[in-house]
Structures are given as C-alpha cells and as structure tokens.
Amino acid sequence: MLLEGKSIIITGASSGIGAAAAKMFAAEGAKLVLGARRAELLERIVNEISADGGEVDFIAGDVEDSGYAEEMVKRAEARFGGLDGAFNNAGATGNIGPIPDMDESNWHRVMSVNLNSGFYAAKHQIPAMRKRGGGSIVFTSSFVGHTVGLPGMGAYAAAKAGLIGLTQVLATEHGPENIRVNALLPGGTMTPMAGEDAAYHEIVRGFHALKRMADPSEIAQAALFLLSDHASFVTGTAMIADGGNSINKL
Ligand SMILES: NC(=O)c1ccc[n+]([C@@H]2O[C@H](COP(=O)([O-])OP(=O)(O)OC[C@H]3O[C@@H](n4cnc5c(N)ncnc54)[C@H](OP(=O)(O)O)[C@@H]3O)[C@@H](O)[C@H]2O)c1
C-alpha cells in the first residue's frame, strides 16, 4: 500500500476531490484527519472509511482560520503520533466577473480561502513533519492562473498562482529537512465546484485534449503519488494533471 502507516491531513474532504482522496488514501493504508466546514458530510465519509477498517478522524472548521490549521495538526499528533503528509485541498472560486466590477470583499475572501489557508497550513504542518524527520505537503492549485487566463477569474487565478510561489519557497526552505512540497494543478473536474449546467460542461470538456472532464478520483491519484514515497525525488513542482487542457488549442 502506497501510504501504509502514514498520518495525513486532508482539507476540503467533505466533497469532490478531497472526498475521493479520503477514501483512496485510507484504502492505501493512511491514517487520516479530515477537514471541511460541513461536519455532517465529513461524518458520513468517516463512517464509511471506518466501516472498511480505516483509521480516520475529523474536525469541522474553516481553513481561513490559522487556529483551525493548528488544531488539525494537534489532532493528527494526538491520534496518530505525528504528521507525515498533508493534502491542502480546500478552495473556492468566489464570485466570477471582471476585475473592475469585483468587490474588494470578494478579492479578499478568495485570497483568504485559497492562499492564506496555504500559509496557515504550512506554518503549523512543517514543525510537526520536522519532528518526524520529513514529510510531504501538496497544495491544490489550478491550471487557471498558471497556463490559462480564464476571463472573470482574476482573484482565483492570482490565489492559485500564489500557491505555486509558496510551494517553490517552502520546497527550498525545507528540502534539507526531507520535507517535500508540491502544487497539484487539476484540469476541469466533475465536482460540485463545476456546477450542474450541462451546456457549460460541454464547453469545458472541449478545453481539454482528452475532450472530457476528470473524475475526482483521477486527481486524487495524482495527489496520492505526490504524498507517497514513489515521489521521493519530486519537490517544488507545479504538477499538471489537466487532461491536456494547458496544451490544447482547438
Ligand atoms: N473542480 C475543478 O474543475 C477544479 C479545477 C482545478 C482546481 N480545483 C481545486 O480543487 C480543490 C477541490 O475542489 P473540488 O473541485 O473538489 O470542489 P468542491 O467539491 O466544491 O470541494 C471544495 C472543498 O473545499 C471545502 N472548503 C471550501 N471553502 C472552505 C473553507 N472556507 N474552509 C474549509 N473548507 C472549505 C469544501 O467543504 P465545505 O463546504 O464543507 O467547507 C469542500 O470540501 C479546490 O481547491 C479547487 O479550487 C478544482
């Protein structure tokens, strides 16, 4: 099993990519602390994993709160004896629209949930991983803001691109301590974030070389690789798992 015995935090675990990752990582032997705001959804996933014999706990909270990031690390240490990995995956697009029309409050909220959360996570996770002699951190970024400029998504693009800069600095700061840090850049993925508009899905499918959107488990597989020892020489990357979205022009 790829994550046998590893203690791992997953944020955004109540839905979509994070929920798929929770089930996959548990099946690969990880001990998990799951996070998101909706406790009832987390509880359902915890019950499913526990019924299959997995070791899992959860804390409901908001990733915009540094204290919540700290609490999750403390829970991993108390329940599982330490922290080996983190999939910092929670995120939100906020309101879509051109920058001149965007409220300052939307800009700050999108930065807060997507980028400030990454700072809080790393701030508390790295000291815990240091105690274990190493670890792996994965941030969910996006093709938006890295290889594609999507109109209306200025705040989201800036926040997700910011995570790549944070990834690079953390990888160099903590590489000597055997802590790897990577950003994962999914393409369009069929989760609640993608909405339910079939006509929009058709357009998004067309953006990709593979002419389809990802199943959340396909993105979770990429995160699984980055968190596992199979990625032992992979750090500081912006790893694209986007179905050819970035290189597709027709
Ligand atoms: N779907 C795509 O096409 C796509 C493409 C590229 C990147 N991404 C990124 O992939 C990640 C996962 O998104 P998804 O597609 O799986 O969408 P999703 O199903 O909407 O999941 C988003 C997750 O983030 C959590 N979350 C949002 N705001 C939060 C907050 N303030 N505090 C704590 N948790 C919060 C949500 O949980 P609660 O609501 O319960 O808090 C939920 O579990 C996001 O970072 C997203 O930006 C998605």
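Numbering (the numbering used here), first residue to last: 880 to 1129.
Yeah, the Cβ is synthetic: ideal placement off N, Cα and C, and Gly gets one too.
Original post:
Curious, which full-length beta strand (DSSP E) runs of at least 3 residues does the region 980-1048 contain?
Top reply: Counting only runs of 3 or more residues that sit fully inside the region 980-1048, the beta strand (DSSP E) segments are 1014-1019, in chain order.
Subject >> Closer than 6 Å: V992 CB and nearest ligand 1 heavy atom >> reply: Here residue 992 refers to the residue found at position 113 when the sequence shown is read from its first residue. Yes, since a heavy atom of ligand 1 falls inside the 6 Å radius drawn around the Cβ of V992.
**OP:** Give the DSSP-derived three-state secondary structure of M1118 in the structure shown.
**Re:** Locating residue 1118 in the sequence shown gives position 239, where the first residue counts as 1. Note: M1118 maps to strand in three-state DSSP.
Original post:
What is the DSSP secondary structure of N1127, counted as helix, strand or coil?
Top reply: Counted from its first residue, the sequence shown places residue 1127 at position 248. Coil at N1127, not helix or strand.
Original post:
Can you tell me whether DSSP reads R1084 as helix, strand or coil?
Top reply: Numbered from its first residue, the sequence shown carries residue 1084 at position 205. Annotated three-state conformation of R1084 is helix, per DSSP.
Original post:
Considering only C-alpha positions, which residue in the set L1129, S1020, P1065, L881 is nearest to A1088?
Top reply: Within the sequence shown, residue 1088 is the residue found at index 209, counting from 1. Closest by alpha carbon: L1129.
Original post:
Cβ of S1125 versus every heavy atom of ligand 1: is any distance shorter than 6 Å?
Top reply: The residue given as residue 1125 occupies position 246 in the sequence shown. No, Cβ of S1125 sits at least 6 Å from all heavy atoms of ligand 1.
Original post:
For N1061, which three-state DSSP category applies?
Top reply: One-based indexing of the sequence shown puts residue 1061 at position 182. In the structure shown, N1061 sits in a strand (DSSP, three-state: E or B).
**OP:** Can you grab the Cα-Cα spacing for the pair T890 / L913, in whole Å?
**Re:** Indexing the sequence shown from 1 puts residue 890 at position 11. Indexing the sequence shown from 1 puts residue 913 at position 34. Roughly 6 Å between the two C-alpha positions.
**OP:** Within 10 angstroms of the Cβ of D1121, are there 16 or more other Cβ atoms? Answer buried if so, exposed if not.
**Re:** One-based indexing of the sequence shown puts residue 1121 at position 242. Counting every other CB atom within 10 Å of its CB across the protein chains shown gives D1121 a total of 16 or more, marking it as buried.
Original post:
Below 7 Å between beta carbons: does that hold for R1009 and E1056?
Top reply: Numbered from 1 along the sequence shown, position 130 holds the residue referred to as residue 1009. Numbered from 1 along the sequence shown, position 177 holds the residue referred to as residue 1056. In this structure, E1056 lies closer than 7 Å to R1009 by Cβ.
Original post:
ligand 1 heavy atoms versus the CB of D941: any closer than 6 Å?
Top reply: Within the sequence shown, the letter at position 62 stands for residue 941. Flag set: Cβ of D941 near ligand 1.
**OP:** State the DSSP-derived secondary structure class of S894, mapped to helix, strand or coil.
**Re:** Taking the first residue of the sequence shown as 1, we reach residue 894 at position 15. DSSP places S894 in coil when its eight states are reduced to three.
Original post:
Looking at the unbroken beta strand (DSSP E) that takes in V935, where does it start and where does it end?
Top reply: The residue labelled residue 935 in the question sits at position 56 within the sequence shown. Residues 934-939.
Subject >> Three-state class that DSSP yields for F1112 in the structure shown >> reply: If you number the sequence shown from 1, residue 1112 lands on position 233. DSSP places F1112 in the coil class of the three-state scheme, outside both helix and strand.
Subject >> Environment of G895 [buried if 16+ CB atoms lie within 10 Å] >> reply: Here residue 895 refers to the residue found at position 16 when the sequence shown is read from its first residue. Buried, because 16 or more other Cβ atoms sit within 10 Å of the Cβ of G895.
Subject >> Chain-order list of residues whose beta-carbon lies under 7 Å from that of G973 (same chain, five-residue window excluded) >> reply: Locating residue 973 in the sequence shown gives position 94, counting from the first residue. Only N985, R988, V989, A1034, Y1035 meet the Cβ criterion.
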